[in-house]
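In this note's numbering, the protein residues as written are 327 to 681.
A virtual CB, placed ideally from N, CA and C, is assigned to each residue, including glycine.
Working notes for the structure below.
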Amino acid sequence: MVTRKEVARKAGVSVSVVSRAMNNSGYVEAEKKKRILEVADKLGYYPHPVAEALQKRRTKQLLFFCKDLRNSFYIDMYQGMVEAAGKRDYMMVFNGSMDFENIRNAMIDGIIMPNEVITRHYLDTVGKNYRLPVVSASYGSPVRFSRSVPRVEIDMEKVMELAVKELRANGHRRLALAMPYPFRCTDVRRLAFCSLMEEVYGDRMKDYYIGIHREDLAGDSRILAFLEEEEPENGMRLLEEDFFGKGELAAQLFVERKIDATAVVAFNDEFALGMCKRFHALGIRVPRDISLIGIDGSSARKYQDPCLTSVGLFPEKQGAKCVNVLLDMLEGKKVKYISGSPVKLVKGESVKKLD
327 MVTRKEVARK AGVSVSVVSR AMNNSGYVEA EKKKRILEVA DKLGYYPHPV
377 AEALQKRRTK QLLFFCKDLR NSFYIDMYQG MVEAAGKRDY MMVFNGSMDF
427 ENIRNAMIDG IIMPNEVITR HYLDTVGKNY RLPVVSASYG SPVRFSRSVP
477 RVEIDMEKVM ELAVKELRAN GHRRLALAMP YPFRCTDVRR LAFCSLMEEV
527 YGDRMKDYYI GIHREDLAGD SRILAFLEEE EPENGMRLLE EDFFGKGELA
577 AQLFVERKID ATAVVAFNDE FALGMCKRFH ALGIRVPRDI SLIGIDGSSA
627 RKYQDPCLTS VGLFPEKQGA KCVNVLLDML EGKKVKYISG SPVKLVKGES
677 VKKLD
């Protein structure tokens, strides 16, 4: 096995100069560095990644700490992270156990969290004494952190405005909102929808809200199908969200309650796809009988017939920005503590134009 000592002897320099040239960790004359790299390449010398990490105190690896990779949104986000990290000679690793203690044993330089709730819990537990740099994907939640953490935020209020604007532009006035949370939740989607539709519904807003949650469906045994997936971990209640299944139940409830809306805004694309499936089973056609719009703009929407209209959150771009903010922190650059991520209406065929 070729060593740095052999490279140094062949190049006529000291081992420390070879180290600086290979690691870009100090000044080496341009001609001398070129000669060292040529010798190293000719001899087939490559620095051992673990040894190099110990010397540099850098592993060239970032962690995406996320449990729900069954959700196509997070798959797209992770893909964006992988591509952005590769452009800066980093690798992404993934931990889906949600065991914060595992982070202590991971060879990583920084962490990307999938949302504000998990970020807060990490900072309040393991993150108190383990000060790795952290960046959080963010969706406008009012969650406060115990220390400053940059957020790459999607403006969910603007997202809802785009969804409602598209439906209104196609002649829809009575809209319903389908969510996996109770009506009293503080999710930005619900708050924005209620604000936009207040003139239309007034105090009847709840009649046009379908919340697939035990609080709103206390007497409905069908909600039990989702409760058994909820398990306490690290003192935090983490729900393995079956958005598709909840979307199916939302469509069933829409029909049972005889809601007179002509269009539905769904929590996300997976939720909307579940609604499409159940509507179809009930003989209700999208968009002929009911229009439907999702949120995410995920890659999964294009496999639905009709193709789902959605508000694109471009998770791959959000993931890429999370990586770049984190690497800028590691390089000592100044970063914004709230960075925006783009959103845009992605048209499909699930919204009917009313006469």
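The ligand NAP and residue i: does any heavy atom of the ligand fall closer than 8 Å to the residue's C-beta?
| i | result |
| --- | --- |
| F569 | The ligand NAP is absent from the structure shown, which contains no ligands of any kind. |
In this structure, how does DSSP classify residue i when only helix, strand and coil are distinguished?
| i | result |
| --- | --- |
| G368 | Per the sequence shown, residue 368 should be read as Lys rather than Gly. Correct three-state label for K368: helix. |
| R477 | strand |
| A356 | helix |
| F390 | strand |
| A432 | coil |
| L503 | strand |
| V672 | strand |
| G645 | helix |
| I664 | strand |
| L652 | helix |
| I362 | helix |
| I538 | coil |
| E567 | coil |
| R330 | helix |
| S345 | helix |
| L680 | coil |
| K491 | helix |
| K659 | coil |
| F552 | helix |
| V485 | helix |
| S547 | helix |
| R335 | helix |
| N560 | Its pLDDT being 47, under 50, N560 is placed unreliably by the model, and the measurement read from it follows with that caveat. Of the three classes helix, strand and coil, the one that applies to N560 here is coil, per DSSP. |
Measure the alpha-carbon distance for residue i versus residue j and round it to whole angstroms.
| i | j | result |
| --- | --- | --- |
| R680 | H498 | It is Leu, not Arg, that sits at residue 680 in the sequence shown. In a straight line, the C-alpha of L680 is about 7 Å away from that of H498. |
| L493 | A589 | 7 Å |
| V328 | M433 | 25 Å |
| R583 | V591 | 17 Å |
| R611 | Y534 | 20 Å |
| N568 | F552 | Note that residue 568 is Asp in the sequence shown here, rather than Asn. Answer to the nearest angstrom: the Cα atoms are 7 Å apart. |
| R470 | D513 | 15 Å |
| L656 | R396 | 30 Å |
| L389 | G658 | 19 Å |
| L579 | M407 | 38 Å |
| E409 | A646 | 7 Å |
| R473 | E355 | 42 Å |
| Y353 | G600 | 59 Å |
| C511 | S467 | 11 Å |
| G453 | Q630 | 41 Å |
| R346 | E357 | 14 Å |
| L608 | C602 | 10 Å |
| V649 | P459 | 11 Å |
| G422 | I438 | 12 Å |
| R500 | A587 | 5 Å |
| I444 | I585 | 35 Å |
| D394 | G638 | 19 Å |
| K359 | K413 | 23 Å |
| V365 | Y456 | 41 Å |
| L319 | F593 | Because the chain here runs from 327 to 681, residue 319 falls outside it and cannot be looked at. |
| D415 | L488 | 37 Å |
| Y371 | G436 | 29 Å |
Beta-carbon within less than 8 Å of residue i's beta-carbon, same chain only, minus the 5 sequence neighbours each way: which residues are those?
| i | result |
| --- | --- |
| S464 | N441, E442, R477, V478, E479, I480 and I664 |
| P613 | P632, E675, S676, V677 and K678 |
| K532 | F509 |
| S686 | This structure gives no information on residue 686, because the portion of the chain shown stretches from 327 to 681. |
| E574 | G600, M601, K603 and R604 |
Among the residues of its own chain, which have a CB less than 6 Å from the CB of residue i, if the five just before and after it don't count?
| i | result |
| --- | --- |
| F519 | M486 and L503 |
| C392 | Y400 and P440 |
| K662 | none |
| T635 | I619, K673, G674, S676 and V677 |
| V490 | L522 |
| E596 | F569 and F570 |
| F420 | F390 |
Sorted by chain position, which residues of the same chain lie with C-beta nearer than 7 Å to residue i's C-beta, five sequence neighbours on each side aside?
| i | result |
| --- | --- |
| S340 | A334 |
| E332 | L369 |
| M417 | K386, Q387 and A411 |
| F605 | A577, V612 and I616 |
| V651 | V461, P476, V478, V661 and S665 |
| D654 | V661 |
| D450 | S472 |
- Is the segment 393 to 411 close to the segment 631 to 645, with three or more CB pairs under 8 Å? In short, these stretches touch, since the Cβ pair count reaches three.
- alpha helix (DSSP H) segments (min. 4 residues) lying fully within the segment 571 to 642: 595 to 607
- Message: Ignoring anything shorter than 4 residues, give me the alpha helix (DSSP H) runs that lie fully in the segment 509 to 534, in order along the chain.
- Response: Here the runs fully enclosed are 514 to 527.
- Message: For the pair the segment 612 to 628 and the segment 529 to 548, tell me if three or more CB-CB distances fall below 8 Å.
- Response: no
- Touching or not, the segment 477 to 486 and the segment 662 to 673, by the rule of three or more beta carbon pairs under 8 Å? yes
- Item | Cβ pair count under 8 Å reaching 3, the segment 542 to 550 against the segment 515 to 530 | no
- Query: Can you list, in chain order, the stretches of the alpha helix (DSSP H) that have 4 or more residues and sit fully within the segment 395 to 466?
  - Reply: 398 to 413 and 442 to 450
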